[in-house]
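Student:
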Amino acid sequence: MSHSSVDVVVVGAGAAGMSGAVALAELGLHVVLLDEQGSPGGQIYRGITLAPLSRRDMLGPDYAHGNELAQALASSSVRYERGAAVWQVTREHEVSYLREGRLHTLQAKAVLLATGAMERPFPIPGWTLPGVMSAGAAQILLKSSGLAPSEPVVLAGCGPLLYLLGWQYLRAGVPIKALVDTTRPDDYWRARRHLFAALRAWPYLRKGLELMRSLRSARIAHFTGAEQLAVEGDGAARALTFTVAGKAERIATRCVLLHQGVVPNIQFSQSLRARHHWDVDQLCFSPVVDSWGELDVAGVFVAGDGAGIGGAQAAAVQGQLAALGIAVRLEKLSDAQRAFRAEALHARLASNLRIRPFLDALYQPKEANRIPADDVMVCRCEEVTAGELRGFVALGCTGPNQAKSFGRCGMGPCQGRMCGLTVTEVIAKARGVSASEVGYYRIRPPIKPITLGELAGD
Amino acid sequence: MRTDPLFQPVMSEARSTRTVSLTFNEQPLQVPAGSSVAAALLMSGIQRFRATPVSEAPRAPYCMMGVCFECLVEIDGVPNRQSCLIEVGEGMRIRSQEGARDLMFQPATVQSVEVLS
Chain A
20 MSHSSVDVVV VGAGAAGMSG AVALAELGLH VVLLDEQGSP GGQIYRGITL
70 APLSRRDMLG PDYAHGNELA QALASSSVRY ERGAAVWQVT REHEVSYLRE
120 GRLHTLQAKA VLLATGAMER PFPIPGWTLP GVMSAGAAQI LLKSSGLAPS
170 EPVVLAGCGP LLYLLGWQYL RAGVPIKALV DTTRPDDYWR ARRHLFAALR
220 AWPYLRKGLE LMRSLRSARI AHFTGAEQLA VEGDGAARAL TFTVAGKAER
270 IATRCVLLHQ GVVPNIQFSQ SLRARHHWDV DQLCFSPVVD SWGELDVAGV
320 FVAGDGAGIG GAQAAAVQGQ LAALGIAVRL EKLSDAQRAF RAEALHARLA
370 SNLRIRPFLD ALYQPKEANR IPADDVMVCR CEEVTAGELR GFVALGCTGP
420 NQAKSFGRCG MGPCQGRMCG LTVTEVIAKA RGVSASEVGY YRIRPPIKPI
470 TLGELAGD
Chain B
97 MRTDPLFQPV MSEARSTRTV SLTFNEQPLQ VPAGSSVAAA LLMSGIQRFR
147 ATPVSEAPRA PYCMMGVCFE CLVEIDGVPN RQSCLIEVGE GMRIRSQEGA
197 RDLMFQPATV QSVEVLS
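These protein sequences, in sequence, are chains A and B.
In this text, residue positions in the first sequence follow our numbering: the first is 20, and each later residue adds one.
In this text, residue positions in the second sequence follow our numbering: the first is 97, and each later residue adds one.
1) Near A/A89, what residues of its chain come up, given a Cβ to Cβ distance below 6 Å and the 5 sequence neighbours on each side ignored?
2) Residues of the stretch 147 to 158 of chain A with a CB closer than 9 Å to any CB of chain B: list them in chain order, please.
3) In the stretch 99 to 111 of chain B, which residues sit with their C-beta less than 9 Å from some C-beta in chain A, listed in chain order?
4) Could you tell me which chain A residues have their CB closer than 7 Å to the CB of B/R144, listed as they occur along the chain?
5) Mind checking A/Q286: buried by the 16 CB within 10 Å criterion, or exposed?
6) What residue from B/I142, B/E194 and B/V150 has the CA that sits closest to B/Q123's CA?
7) Check each candidate in A/Q434, A/K196, A/E251 and A/Y64 and name the one with the smallest Cα separation from A/P464.
8) Is the Cβ of B/F120 closer than 9 Å to any Cβ of chain A?
9) Along the beta strand (DSSP E) that carries A/E45, what are the first and last residues, could you check?
10) Whose C-beta lies closer than 8 Å to the C-beta of B/R111 among residues of the same chain, with five residues either side of it excluded?
11) Report the residue from A/L276, A/V452 and A/T417 whose alpha carbon sits nearest the alpha carbon of A/I159.
12) Decide yes or no for the touch test of the stretch 113 to 122 of chain B against the stretch 175 to 186 of chain B: beta carbon pairs closer than 8 Å, at least 3 of them.
13) Give a yes or no on whether 9 Å exceeds the smallest Cβ distance from B/T148 to chain A.
14) Check whether the stretch 207 to 217 of chain A and the stretch 406 to 415 of chain A are in contact - that is, three or more C-beta pairs closer than 8 Å.
15) DSSP three-state label for A/D205, please.
16) What in chain B is Cβ-close to A/E55, meaning under 7 Å?
17) Please determine, among A/A387, A/L314, A/S310 and A/G85, the residue with the shortest C-alpha to C-alpha distance to A/E362.
18) My output table needs one value for A/W146: the three-state DSSP class, helix, strand or coil.
19) I'd like to check one pair, B/V169 with B/I190: are the Cβ atoms closer than 9 Å?
20) Mind pulling the chain A residues with CB within less than 8 Å of B/P154?
21) Counting only beta-carbon separations shorter than 9 Å, does B/G130 have a partner in chain A?
22) Could you work out which residues of chain B lie near A/Q160, taking near to mean beta carbons separated by less than 8 Å?
23) Of the residues A/C400, A/A342 and A/N388, which one's Cα is nearest the Cα of A/H49?
24) Quick one: Cα of A/D324 to Cα of A/D54, how far?
25) What ranges does the beta strand (DSSP E) occupy inside the stretch 102 to 177 of chain B, keeping only unbroken runs of at least 3 residues that lie completely in it?
26) By the criterion of Cβ-Cβ separation under 9 Å, what are the contact partners of B/L168 in chain C?
27) Between B/S117 and chain A, is any beta-carbon pair separated by less than 9 Å?
28) Who pairs with A/K266 in a beta bridge, going by DSSP?
29) Keeping to the same chain, check which residues put their C-beta closer than 7 Å to that of A/Q190; ignore five residues upstream and five downstream.
30) Have a look at A/L440, A/P432, A/L381 and A/A447 and flag the residue whose alpha-carbon is nearest the alpha-carbon of A/D200.
31) Within the 9 Å Cβ cut-off, does B/G185 reach chain A?
32) Whole angstroms is fine: what's the gap from B/E210's alpha carbon to A/Y460's?
33) Rounding to the nearest angstrom, what Cα-Cα distance links A/E229 and A/G79 in this structure?
34) List, in order along the chain, the chain A residues whose C-beta lies closer than 8 Å to that of B/S151?
35) May I have the straight-line CA-CA distance separating A/R360 from A/S38, to the nearest angstrom?
36) Considering only the alpha carbon of each residue, which of B/V127, B/I171, B/S131 and B/Q126 lies closest to B/R146?
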């Protein structure tokens with residue numbers, strides 16, 4: 020086991036982590052950037068430094084943009100450690116990680132968590148079958164390996180990532196059998212009050228409209244207002260079934276890609292016992308941070324989607340703002356110097372976030388796809404259904420942590436990452452209280468699995 | 097068991113010049129160097145990565161980013177490896193993970209005892 024001291028440890032080399040680490044290094048701080056992947060980029064810019072030009076072109080300009088950040092990182096003084104699985108961050112800024120089978124611990128003066136987002140669970144009948152994946156997973160296969168489904172695929176759900184993947188598949192010549200959209204006309208009605216702000220973010224909106232237009236002009240079967248989604252199959256996916264305005268539909272396919280938005284990955288901020296709040300617009304828990312991204316744990320900052328979904332461009336700005344916050348904590352900058360540098364950044368952040376309320380309202384995941392029927396698997400690892408969970412509640416289970424002792428819910432290998440939000444919402448609905456009152460799993464280290472042998476350092 | 101691969105390289109992708117040899121359940125496979133174990137298995141027609149400990153239901157990668165733990169396999173004798181996060185290596189011996197792993201008897205390598213809270 021090795022121990023050493025640094026100024027700042029940054030966890031995660033996505034948009035926020037790369038930009039934050041570079042900004043910190045430019046402020047003269049000794050920075051270590053730890054990332055689980057083999058190359059920088061996080062999920063949004065996954066494999067950016069390795070992707071051949073033809074693939075970058077197919078994925079589009081927003082992806083290629085990540086290369087600037089990766090290059091800035093490469094030419095900075097940041098010590099970037101790839102393949103580092105961080106399994107513990109303490110309130111005293113001690114960061115422990117596993118790399119090439121060896122344990123390392125860094126004592127930092129401040130920590131920047133840039134662990135980004137994960138896809139929201141999409142619990143429907145059959146979602147555990149091989150052949151069913153998240154759209155983000157399929158996009159990662161495309162970005163990192165140039166792989167796409169070998170037969171016509173069905174995309175189902177809603178949200179920008181789902182349509183972006185469809186657009187990328189069109190450009191790559193990958194056949195799409197159907198786009199099964201859960202968005203309904205009343206979603207547009209709900210989103211309309213944010214339209215004015217969205218119009219001020221015209222470049223974003225235009226990109227989205229162009230994307231939707233190209234999907235429409237490709238004459239892909241496009242269903243809207245789809246309900247009662249279910250994957251059919253015995254041992255592997257065979258078809259997606261759903262209803263549109265009460266009419267039953269069935270599309271045969273071996274590959275169903277699901278998506279209904281992304282949510283903050285809060286494993287570390289939760290394990291630090293930082294304060295979180297239930298975001299009623301994004302329907303997820305987010306850590307409570309100040310305008311520099313600092314948690315209520317002194318010296319621990321969060322930047323990017325891990326502090327609330329804002330997208331890659333906002334994340335890069337948040338990384339820079341967190342760097343300024345840390346610089347003041349470590350007495351590299353005065354308050355006045357920080358205020359001067361931050362002014363333009365805050366303005367840029369506000370402009371990057373302007374489209375959000377519109378997107379959040381328009382693509383708000385449907386309750387039926389978040390709080391599923393009794394027979395649907397909620398905890399994939401321990402195979403606990405929504406019905407069993409409701410049974411626990413009837414017996415007096417009041418929250419996610421008790422659900423563990425009632426039926427191992429959330430105690431499998433993923434440690435509640437995949438079911439956490441669903442469990443909170445199912446219990447809240449069953450008890451007739453708010454998600455905020457029900458709360459979340461109590462997350463404890465190790466955040467990543469680590470063997471006793473590794474811990475013992477043999 | 098191999099079926100027609102669910103994923104394949106898109107048309108614009110040049111065929112990888114470098115490949116590595118590995119085995120999945122003793123079956124030899126040639127896969128592109130640099131890819132994750134999960135991606136390599138998916139493009140080789142492996143659809144079932146593991147069976148769940150509870151009902152032995154078949155599972156395969158769901159998130160590809162280290163969140164869902166559905167892609168767990170045994171690599172070179174070490175169980176519970178997240179195949180979406182590990183790069184393929186020459187001569188890797190990969191096995192599907194069947195049901196609950198044996199926690200009780202692994203005296204030779206304490207390595208396979210996992211700490212989970």
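Note that CB positions come from ideal geometry on N, CA and C, so glycine has one too.
Values in this document were obtained by computation on a predicted structure and should not be read as measured data.
Tutor: Judging by the given coordinates:
1) For this step, residue 89 of chain A is matched to residue 70 along the first sequence. Leaving aside the five residues that flank A/A89 on each side, the residues in its chain whose CB is nearer than 6 Å to its CB run, in chain order, P59, I67 and T68.
2) T147, L148, P149, G150, V151, M152, S153, G155, A156, A157 and Q158
3) T99, D100, P101, L102, F103, Q104, P105, V106, M107, S108, E109 and A110
4) By 1-based counting over the second sequence, the position of residue 144 of chain B is 48. Simply P149.
5) Counting from one through the first sequence, the residue named residue 286 of chain A turns up at place 267. Classification for A/Q286: buried.
6) Within the second sequence, the letter at position 27 stands for residue 123 of chain B. Among B/I142, B/E194 and B/V150, the Cα nearest to that of B/Q123 belongs to B/I142.
7) Numbered from its first residue, the first sequence carries residue 464 of chain A at position 445. Nearest C-alpha to A/P464: A/Q434.
8) Indexing the second sequence from 1 puts residue 120 of chain B at position 24. Interface with chain A (9 Å Cβ-Cβ cutoff): B/F120 is excluded.
9) Taking the first sequence and counting its residues from 1, one reaches residue 45 of chain A at position 26. Premise fails: A/E45 lies in the alpha helix (DSSP H), A34 to E45, not in any beta strand (DSSP E).
10) The residue labelled residue 111 of chain B in the question sits at position 15 within the second sequence. Within the same chain, B/R111 has close Cβ partners P105.
11) Within the first sequence, the letter at position 140 stands for residue 159 of chain A. Of the listed residues, the one whose Cα sits closest to A/I159 is A/L276.
12) yes
13) One-based indexing of the second sequence puts residue 148 of chain B at position 52. It does; some Cβ of chain A falls within 9 Å.
14) Counting C-beta pairs closer than 8 Å gives fewer than three between the stretch 207 to 217 of chain A and the stretch 406 to 415 of chain A, which falls short of the contact rule.
15) Taking the first residue of the first sequence as 1, we reach residue 205 of chain A at position 186. DSSP, read as helix, strand or coil, puts A/D205 in helix.
16) Start at 1 with the first residue of the first sequence, and residue 55 of chain A comes out as number 36. Neighbours of A/E55 on chain B, chain order: G162 and L181.
17) Locating residue 362 of chain A in the first sequence gives position 343, counting from the first residue. Ranked by Cα distance from A/E362, the options A/A387, A/L314, A/S310 and A/G85 are led by A/S310.
18) Sequence index remark: in the first sequence, residue 146 of chain A carries index 127 (1-based). Looking at A/W146 - three-state DSSP - the assignment turns out to be coil, as it is neither helix nor strand.
19) Within the second sequence, numbered from 1, the residue matching residue 190 of chain B stands at position 94. Within the second sequence, numbered from 1, the residue matching residue 169 of chain B stands at position 73. Yes, the pair counts as a contact, with Cβ atoms nearer than the cut-off.
20) Taking the first residue of the second sequence as position 1, residue 154 of chain B is located at position 58. Neighbours of B/P154 on chain A, chain order: L148, P149, G254 and A255.
21) Sequence index remark: in the second sequence, residue 130 of chain B carries index 34 (1-based). Answer yes: the Cβ-Cβ gap between B/G130 and chain A drops below 9 Å somewhere.
22) Locating residue 160 of chain A in the first sequence gives position 141, where the first residue counts as 1. Contrary to the premise, residue 160 of chain A reads as Leu rather than Gln in this sequence. Under the 8 Å cutoff, chain B gives F103, A135, L138 and M160.
23) If you number the first sequence from 1, residue 49 of chain A lands on position 30. Looking at the Cα atoms, A/A342 is the closest of the given residues.
24) Against the first sequence, residue 324 of chain A aligns to sequence position 305. Against the first sequence, residue 54 of chain A aligns to sequence position 35. Each residue's Cα considered, the two are about 16 Å apart.
25) 103 to 105, 115 to 120, 123 to 128 and 168 to 171
26) The chain inventory of the structure shown lacks chain C, comprising the protein chains A and B.
27) As a first step, residue 117 of chain B must be located in the second sequence, where it is residue number 21. Taking Cβ atoms only, chain A never reaches closer than 9 Å to B/S117, which makes this a no.
28) Within the first sequence, residue 266 of chain A is the residue found at index 247, counting from 1. Bridge partners of A/K266: A/V263.
29) Counting from one through the first sequence, the residue named residue 190 of chain A turns up at place 171. The sequence given here has Arg at residue 190 of chain A, not Gln. Excluding residues within five positions, the ones whose Cβ falls inside 7 Å are M77.
30) Counted from its first residue, the first sequence places residue 200 of chain A at position 181. Among A/L440, A/P432, A/L381 and A/A447, the Cα nearest to that of A/D200 belongs to A/L381.
31) Position 89 of the second sequence, counting from 1, holds the residue named residue 185 of chain B. No, B/G185 does not count as interfacial toward chain A.
32) Here the question's residue 210 of chain B lines up with position 114 in the second sequence. Here the question's residue 460 of chain A lines up with position 441 in the first sequence. In this prediction, B/E210 scores a pLDDT of 42, lower than 50, which makes its location untrustworthy; the coordinate-derived value is nonetheless stated afterwards. Their backbone Cα atoms lie some 20 Å apart in a straight line.
33) On the first sequence, residue 229 of chain A is found 210 positions in, with the first residue counted as 1. On the first sequence, residue 79 of chain A is found 60 positions in, with the first residue counted as 1. A/E229 and A/G79 have their alpha carbons spaced roughly 13 Å apart.
34) Residue mapping note: residue 151 of chain B aligns to position 55 of the second sequence, counting from 1. Simply E402.
35) Position 341 of the first sequence holds residue 360 of chain A. Position 19 of the first sequence holds residue 38 of chain A. Those two C-alpha atoms are separated by around 15 Å.
36) Residue 146 of chain B sits at position 50 when you count from the first residue of the second sequence. The residue with the shortest Cα to Cα distance from B/R146 is B/I171.
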